[in-house]
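J.: Per my numbering, numbering of the sequence shown is gapless, rising by one per residue and ending at 316.
Below is one structure. I have some questions about it.
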Amino acid sequence: MKQFYIIILLFLFCENLFSQKIAIDGNKDDKKKIESIILQNKNFGKDTIALKSYLDPLIKSSDKNLHAVYYNILGSGFASANEKLNQSSDLFFAKSIEIAKANKNSGLEIWALCNYAFYLYDYKKTTEALQVYLDADNKIRHTEINSVILPSDCFKKIGYFMGTIGDKNEAINYLKKAEQRAEPNSKELAAIMDNIGYYFLELNQLHNAEKYIIGARDISLKINDQIRYPKTLGNLGFLELKKGNLDKAETYVKQDLKISTDLHSDHNSSFARFLLSKILIENNKIEEAKKMFNEAEKFAESKVHLKKMFFKLKN
2 MKQFYIIILL
12 FLFCENLFSQ
22 KIAIDGNKDD
32 KKKIESIILQ
42 NKNFGKDTIA
52 LKSYLDPLIK
62 SSDKNLHAVY
72 YNILGSGFAS
82 ANEKLNQSSD
92 LFFAKSIEIA
102 KANKNSGLEI
112 WALCNYAFYL
122 YDYKKTTEAL
132 QVYLDADNKI
142 RHTEINSVIL
152 PSDCFKKIGY
162 FMGTIGDKNE
172 AINYLKKAEQ
182 RAEPNSKELA
192 AIMDNIGYYF
202 LELNQLHNAE
212 KYIIGARDIS
222 LKINDQIRYP
232 KTLGNLGFLE
242 LKKGNLDKAE
252 TYVKQDLKIS
262 TDLHSDHNSS
272 FARFLLSKIL
282 IENNKIEEAK
292 KMFNEAEKFA
302 ESKVHLKKMF
312 FKLKN
């Protein structure tokens with residue numbers, strides 16, 4: 002009898018899952034309609050059949066713009082399902098960009114290009130991602146900004162990428178554009194400001210860095226963003242290290258490490274451990290620094306996805 006009820010519950014769950022459909026609000030203008038659809042995107046894990054079912058209203062629509070959105074979301078969904086580059090995602094992204102271009106919708110094409118570039122970069126195709134981001138950048142320069150779909154997200158992705166490849170000034174330029182268009186007091190805005198601050202730190206523009214990192218910290222506290230808040234503390238520790246205030250730097254980073262460890266935030270914990278070891282060395286606490294560095298290395302080795310990151314940090 003118990004098994005019978007379990008089967009019924011599973012059936013009802015699956016029926017509910019497949020009955021879910023993305024909603025199209027015909028009362029909104031084209032741009033807002035597209036953005037509202039994208040913001041309804043869900044993570045279906047490895048279940049690409051459920052994803053296709055959910056997106057079905059888009060491909061059945063007579064609106065070609067929605068077809069471009071359909072294929073783009075499918076590209077991202079298949080990438081998440083496969084956890085690697087795959088032919089299906091490649092074809093879906095190409096189809097999305099092709100439709101947006103044929104429909105002469107530059108704002109949608111920019112969004113499609115940015116998502117494709119993010120997919121390539123996420124799976125270590127940096128050179129290919131750079132070319133796509135440059136295509137998006139060129140398109141942005143000839144497009145009315147207000148027509149770009151989800152502009153803050155597009156500019157944020159380009160900014161992060163430019164920072165990663167070492168072009169800190171261009172990263173700041175794009176992240177400032179994203180900042181202007183992000184929702185006030187949002188997780189997105191806190192993340193953007195924190196990263197602008199970090200890139201200013203890298204450029205040794207400490208006054209600008211402090212302004213942005215403190216702004217990000219204050220927002221993350223206000224909205225209870227538990228992931229971003231410790232990151233801002235770590236960046237404030239980095240700032241104090243650059244200023245030569247070693248005790249203050251140590252305090253900030255230890256706070257970052259405690260919170261990040263409690264939250265099981267692997268990447269941030271690793272960065273915090275490594276940064277703390279550097280601060281301890283600078284503060285002539287050699288034995289404590291060695292212990293912290295060994296902890297950082299041991300922790301990174303226990304997490305496959307952190308090994309490559311730690312190798313870069315050591316070198």
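C-beta atoms are modelled at their ideal positions from N, C-alpha and C, and glycine is treated no differently.
As the structure is a computational prediction, the values presented were derived from the model and not from experiment.
Three-state secondary structure (DSSP) at H68?
T.: In the sequence shown, the residue the question calls residue 68 occupies position 67. H68 falls in the helix class under three-state DSSP.
J.: Among the residues of its own chain, which have a CB less than 7 Å from the CB of K255, if the five just before and after it don't count?
T.: The sequence position of residue 255 within the sequence shown is 254, counting from 1. Around K255: L277.
J.: In the DSSP assignment, the alpha helix (DSSP H) including D226 goes from what residue to what residue?
T.: Locating residue 226 in the sequence shown gives position 225, where the first residue counts as 1. D226 -> no alpha helix (DSSP H), and no H or E assigned at all.
J.: In whole angstroms, what is the alpha-carbon distance linking N106 and K158?
T.: Here residue 106 is taken as the residue at index 105 of the sequence shown, counted from 1. Here residue 158 is taken as the residue at index 157 of the sequence shown, counted from 1. Rounded to whole angstroms, N106 to K158 spans 20 Å at the Cα level.
J.: Classify N236: buried if its beta carbon has 16 or more other beta carbons within 10 angstroms, exposed otherwise.
T.: What you label residue 236 is simply residue 235 of the sequence shown in a count that begins at 1. It is buried - the Cβ of N236 has at least 16 other Cβ atoms within 10 Å.
J.: Return the first residue and the last residue of the alpha helix (DSSP H) that V254 is part of.
T.: Residue numbering aside, residue 254 sits at position 253 when the sequence shown is read from its first letter. L247 to D263 is the span of the alpha helix (DSSP H), which, as asked, contains V254.
J.: With 16 as the cutoff for other CB atoms within 10 Å, does E145 come out buried or exposed?
T.: To locate residue 145, count along the sequence shown from 1; it is residue 144. So E145 counts as exposed.
J.: Going straight from the alpha carbon of H143 to that of G108, what length do you get?
T.: As a position in the sequence shown, residue 143 is number 142, starting the count at 1. As a position in the sequence shown, residue 108 is number 107, starting the count at 1. One C-alpha to the other measures close to 10 Å.
J.: Measure the C-alpha to C-alpha separation of K232 and K212 and round it to an integer number of angstroms.
T.: As a position in the sequence shown, residue 232 is number 231, starting the count at 1. As a position in the sequence shown, residue 212 is number 211, starting the count at 1. Their Cα atoms are separated by approximately 15 Å.
J.: How would you write the range of the alpha helix (DSSP H) that D202 sits in, first residue to last?
T.: Position 201 of the sequence shown, counted from the first residue, corresponds to residue 202. It should be noted that the sequence gives Leu, not Asp, for residue 202. K188 to E203 is the extent of the alpha helix (DSSP H) around L202.
J.: Which class does I100 belong to by DSSP, given the choice of helix, strand or coil?
T.: Within the sequence shown, numbered from 1, the residue matching residue 100 stands at position 99. I100 falls in the helix class under three-state DSSP.
J.: Taking just the CA atoms, how far does L204 sit from D257?
T.: Taking the first residue of the sequence shown as position 1, residue 257 is located at position 256. Taking the first residue of the sequence shown as position 1, residue 204 is located at position 203. Answer to the nearest angstrom: the Cα atoms are 23 Å apart.
J.: Report yes if the C-beta distance between I100 and P58 is below 8 Å; otherwise report no.
T.: Start at 1 with the first residue of the sequence shown, and residue 100 comes out as number 99. Start at 1 with the first residue of the sequence shown, and residue 58 comes out as number 57. No, the pair does not count as a contact, with Cβ atoms beyond the cut-off.
J.: What are the boundary residues of the alpha helix (DSSP H) that A172 is part of?
T.: Taking the sequence shown and counting its residues from 1, the one referred to as residue 172 is at position 171. Where A172 is concerned, the enclosing alpha helix (DSSP H) stretches over K169 to R182.
J.: Using 8 Å as the threshold, is the region 127-136 in touch with the region 75-92, meaning 3 or more CB pairs across them?
T.: Taking 8 Å as the limit for Cβ pairs, the verdict is that the region 75-92 does not touch the region 127-136.
J.: Just confirm the distance between the C-beta atoms of R229 and A273, as a whole number of angstroms; I'd bet it's less than 8 Å.
T.: Mapped onto the sequence shown, residue 229 falls at position 228. Mapped onto the sequence shown, residue 273 falls at position 272. Going by Cβ atoms, the distance from R229 to A273 rounds to 14 Å, so no, they are not a contact pair.
J.: If you pair each beta-carbon of the region 243-252 with each one of the region 263-271, do three or more pairs fall below 8 Å?
T.: At 8 Å Cβ cutoff, the stretches do not touch.
J.: Since F45 is in the alpha helix (DSSP H), which residue starts that stretch and which ends it?
T.: Position 44 of the sequence shown, counting from 1, holds the residue named residue 45. Note, F45: premise wrong, no alpha helix (DSSP H); not H, not E.
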